[in-house]
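Data block below; observations after.
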Amino acid sequence: MTNVKVSRRGADKRAAPQSKEWTLFFPADIRRPGSRHGFAAGVALMACLFALALGAATAHGGELTPSLRAKVAEPAAADATIPVIVTLTDQVDASNYSGRRVALIAAMKRTAAATQPDVIGQLDGDVTRYWLINAVAVDATRDEIAALEADPQVAAVDYDRPVRIADAGPSMNSLTTFPDAGEGDWGLGTSRTPAAWRRFGVTGAGVTVGSIDTGVDPSSPELAGKIVAFRDFINGRPDAYDDNGHGTHTIGTMVGGARGGAPIGVAPGARVLVAKAAGAKGVGPGSALLAAAQWMSDPDGNPATADQPVVVNNSWTAPDANDPWFRDMIRNWLSLGIVPVFATGNNGPGPGSVGSPAGYPEVLAVGASAEDGRLSDFTARGPVNWLNLDGTGPAAGTQIIKPDIVAPGVNITSSVRDGYMSSTGTSMAAPHVSGAVALIAQANPGVRGAAAIELLKRTRTDLGAPGPDPVYGGGQLNVEAAVAGAVGAPATLRKVQTRVLRATRGRVVSGKRVTFVVRVAGASKYRWRVNRRGWSRPTSAARLRLRLAAGRQLVEVQGVDPVAGVDATPARAVVRVLRALPRNVEFARARR
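Numbering (the working numbering), first residue to last: 34 to 625.
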């Protein structure tokens, strides 16, 4: 982590704003303010999260988000500072670093180090620097905000909103002394987790998962020896703790053991990195989420160390599925091989009720099922009418089905400080899926990031109408089938052999379409780029039609597969667009 400070932004010390709020659901099981034991019924976190504007900066500098403009206009702002997140224009394109985690992290850190000093020089307050996205956080005056708005190096300036508690979905909080006998909580059986343990011998051993939540209570017997590292982005305390209880419960569902007589966790052999981003009263600054996401990406600050988690569980959600405030963080996680699992939230059952980041196309969004197999009424769901606000796709008007997957989330038994608690919410469903990712990683370490997401989607059990639907989403988590798919999947692609069977003949001038007929062996799709300007989206189209400018053009084709990954060595061809394209263009293998 690069110079991240959070203690000065403690949201417990700030009054919650009255304008545009983000809802951070820690559903149904959070202790009420002032409570010392147990969880409070029907509670969620209302997060006034920063909404990072991810679009391009205007010609004059950084765009101020509406929430920040409203804050600046308040009379009290004249003599006070306002906590803001400043997103810089220069951002690393992670797609240029496919399969090169160390190089990607190094590039992001270099970009932040090179471009942030000029912006920081305009600011008098203590600055918190980030590199997962190129951004800084600071308490800024009106004059400083005006300067940032005029700075062409700045893409956006947003209000760093605090987070506050509010009521949420249903609760079933009955204290138990130990889980159900036999193979553990009903959710494990429904997701066919014990079957995966028996058949493949996987428990998540040797795998690390992540949690961004309220922390963890290390005194829970189910979590003894399983906490790899802890970072407090609220109070800055060095030792692990959970002054709320929600984080301990969700972590138990991921990695909890069987010391109470039966298992509670999907991956009892895995260990966990814990980031505390919400406080005792369920309150925390939005910038803490960015700091936590960044820490998960490089926990010890050394990119060469393989210490990042394979998945991060996020049992929280904001209301607007189309708000791209967290999308670049999600994409960078995926580029680093980290699976982003998010609860859909508890404000169902209306259509289009899912929020962000769960509504993003890249996120694995989890709804909650009941013991009878039905999707819970409180589960937020799609479809998402995608508006493409950041201009990076899918096309505006695309209908995105959510949740992507459903997991047990009603009356789920998991760990608390003094024993076990039965709780309900999509918060309880999400860690079942995160635990499944750990089992997949043990079974086949090559199935990471987007490949793991595709595998979980491909092996889910269909519910409701055939295929994905707006009511049940993609289907029920099937851990046994997912692990079986991982065992049968190669860790890397076979060598992709790409050749042009036919190309446009005759004279080719600048701007004219050139058609290639492409065949790829060893992968389901391919992507292309010209002169290393960034990869296209994967396609299975047999014909590749490109408009090439005059001169020497390097065209590369790279096989990609949702399970096996990306071929490290793309095929390539040099095309000279002068008077005519050669009749037979062959893609030669790139030299290793």
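Built from N, CA and C at the ideal position, the CB exists for glycine as well. Here the structure is a predicted model, which is why all the values come from computation and not from measurement.
With 16 other Cβ atoms within 10 Å as the buried cut-off, status of A89: Taking the sequence shown and counting its residues from 1, the one referred to as residue 89 is at position 56. No answer about A89 holds up, because its pLDDT of 36 lies below 50 and its placement is not dependable.
With burial defined as no fewer than 16 other Cβ atoms inside 10 Å of the residue's Cβ, what is the status of L587: buried or exposed? Your numbering for residue 587 matches position 554 in the sequence shown. So L587 ends up on the exposed side.
For Q475 and V240, I'd like the C-alpha separation in whole angstroms. As a position in the sequence shown, residue 475 is number 442, starting the count at 1. As a position in the sequence shown, residue 240 is number 207, starting the count at 1. Computed Cα separation, rounded: 6 Å.
Quick check: Q341 and W164, are their CB atoms within less than 8 Å of each other? By one-based count along the sequence shown, residue 341 stands at place 308. By one-based count along the sequence shown, residue 164 stands at place 131. No, the pair does not count as a contact, with Cβ atoms beyond the cut-off.
Spell out a yes or no on whether the region 466-483 and the region 240-252 are touching, meaning 3 or more CB-CB pairs, one atom from each, closer than 8 Å. yes
For the alpha helix (DSSP H) that P116 lies in, which residues bound it at each end? To locate residue 116, count along the sequence shown from 1; it is residue 83. Looking at the DSSP string, P116 is not in any alpha helix (DSSP H); the run it does join, the beta strand (DSSP E), is 115-121.
Using the Cα positions of N268 and W219, report the straight-line distance between them to the nearest angstrom. The sequence position of residue 268 within the sequence shown is 235, counting from 1. The sequence position of residue 219 within the sequence shown is 186, counting from 1. Straight-line Cα distance between these residues: approximately 36 Å.
In the DSSP assignment, what are the bridge partners of D246? Counting from one through the sequence shown, the residue named residue 246 turns up at place 213. For D246, which the question treats as bridged, DSSP gives the partners K309.
Tell me whether G94 sits in a helix, a strand or coil according to DSSP, three-state version. Position 61 of the sequence shown, counting from 1, holds the residue named residue 94. Here G94 sits in strand by DSSP.
Just checking: is the beta-carbon of V305 within a distance shorter than 8 Å of some beta-carbon in chain B? Protein chain content of the structure displayed is limited to a single chain, and chain B is not contained in it.
Tell me which residues share the same chain as V372 and place their Cβ nearer than 7 Å to its Cβ, disregarding the 5 neighbours each side in the sequence. Numbered from its first residue, the sequence shown carries residue 372 at position 339. Around V372: V343, V344, L397, V470, G482, A485, I486.
Locate the beta strand (DSSP E) running through G220, then write down its first and last residues. Residue 220 sits at position 187 when you count from the first residue of the sequence shown. First-last for G220: 219-223, but that is the alpha helix (DSSP H), not the beta strand (DSSP E).
Distance, Cα to Cα, G406 vs L422? Against the sequence shown, residue 406 aligns to sequence position 373. Against the sequence shown, residue 422 aligns to sequence position 389. Approximately 36 Å between the Cα atoms of the pair.
Closest to A311 by C-alpha separation, out of P301, G302, R304, L322, would be which residue? Here residue 311 corresponds to residue number 278 of the sequence shown, with the count starting at 1. When only C-alpha atoms are compared, the closest one is L322.
Taking DSSP as the reference, what is the three-state secondary structure of S409? In the sequence shown, the residue the question calls residue 409 occupies position 376. In the structure shown, S409 sits in coil (DSSP, three-state: anything other than H, G, I, E or B).
From P436 to G400, what does the alpha carbon distance come to, in whole angstroms? For this step, residue 436 is matched to residue 403 along the sequence shown. For this step, residue 400 is matched to residue 367 along the sequence shown. Straight-line Cα distance between these residues: approximately 6 Å.
Run through DSSP, which three-state label would K142 get? Mapped onto the sequence shown, residue 142 falls at position 109. Per DSSP, reduced to three states, the secondary structure at K142 is helical.
Classify R414: buried if its beta carbon has 16 or more other beta carbons within 10 angstroms, exposed otherwise. Your numbering for residue 414 matches position 381 in the sequence shown. By the neighbour-count rule (16 or more Cβ atoms within 10 Å), R414 is buried.
Would you identify the three-state DSSP class for A597, choosing helix, strand or coil? Counted from its first residue, the sequence shown places residue 597 at position 564. With a pLDDT of only 47 at A597, under the threshold of 50, the placement of this residue in the model should not be trusted, and no figure is reported.
Measuring alpha carbon to alpha carbon, tell me which residue in G248, G317, G290, A145 is nearest G217. As a working mapping, residue 217 is identified with position 184 in the sequence shown. Among G248, G317, G290, A145, the Cα nearest to that of G217 is on G290.
What does the Cβ neighbour count give for T492, buried or exposed, with the cut at 16 atoms within 10 Å? Locating residue 492 in the sequence shown gives position 459, where the first residue counts as 1. Buried.
Touch check for the region 150-161 and the region 355-373: three-plus C-beta pairs under 8 Å? no
Alpha carbon to alpha carbon, how far is R175 from G95? As a working note, residue 175 is residue 142 in the sequence shown. As a working note, residue 95 is residue 62 in the sequence shown. Distance between the alpha carbons of R175 and G95: 14 Å.
For a test of the three-state rule: what should DSSP assign to K490, helix, strand or coil? Indexing the sequence shown from 1 puts residue 490 at position 457. K490: helix per DSSP, three-state reduction.
Considering only the alpha carbon of each residue, which of I433, P427, A429, A462 lies closest to N444? Taking the sequence shown and counting its residues from 1, one reaches residue 444 at position 411. Looking at the Cα atoms, A462 is the closest of the given residues.
Any non-hydrogen atom of the ligand ADP closer than 7 Å to V119 Cβ: The ligand ADP is not part of the structure shown, which contains no ligands of any sort.
Of the choices V307, I438, D410, whose alpha-carbon is the least far from that of G394? For this step, residue 394 is matched to residue 361 along the sequence shown. The displayed chain sequence assigns Pro, not Gly, to residue 394. Ranking V307, I438, D410 by Cα distance to P394 puts I438 first.
Going by DSSP, name the residue or residues bridged to D191. Mapped onto the sequence shown, residue 191 falls at position 158. According to DSSP, which records beta bridges pairwise, D191 is partnered with I118.
Compute the beta-carbon to beta-carbon distance between F375 and A354, rounded to the nearest angstrom, for a pair I have assumed lies under 8 Å. Within the sequence shown, residue 375 is the residue found at index 342, counting from 1. Within the sequence shown, residue 354 is the residue found at index 321, counting from 1. Going by Cβ atoms, the distance from F375 to A354 rounds to 11 Å, so no, they are not a contact pair.
Does the Cβ-Cβ distance between T281 and V261 come in under 8 Å? Position 248 of the sequence shown, counting from 1, holds the residue named residue 281. Position 228 of the sequence shown, counting from 1, holds the residue named residue 261. Not in contact: T281 and V261 (Cβ atoms no closer than 8 Å).
Of the residues R225, A179, A145, which one's Cα is nearest the Cα of I166? Sequence index remark: in the sequence shown, residue 166 carries index 133 (1-based). Taking only the C-alpha atoms, the option nearest I166 is A145.
Counting only runs of 3+ residues fully inside the region 330-404, write out the beta strand (DSSP E) ranges in chain order. 344-347, 372-376, 397-402
Using 8 Å as the threshold, is the C-beta distance between V235 and A228 below it? Counted from its first residue, the sequence shown places residue 235 at position 202. Counted from its first residue, the sequence shown places residue 228 at position 195. No, the Cβ-Cβ distance between V235 and A228 is not below 8 Å.
Same chain only: Cβ atoms within 7 Å of S368, ignoring 5 sequence neighbours per side: Within the sequence shown, the letter at position 335 stands for residue 368. A127, Y130, L137, listed in sequence order.
Whose C-alpha, out of D276, A257, G317, A295, is nearest the C-alpha of V709? Nothing in the structure corresponds to residue 709, since the chain is present only between 34 and 625.
Around the Cβ of H70, are there at least 16 other Cβ atoms within 10 angstroms (buried) or fewer (exposed)? One-based indexing of the sequence shown puts residue 70 at position 37. Note that H70 scores a pLDDT of 31, beneath 50, so its modelled location is shaky; the value from the coordinates is reported in the next line. The residue in question, H70, is exposed, as its Cβ has fewer than 16 Cβ neighbours within 10 Å.
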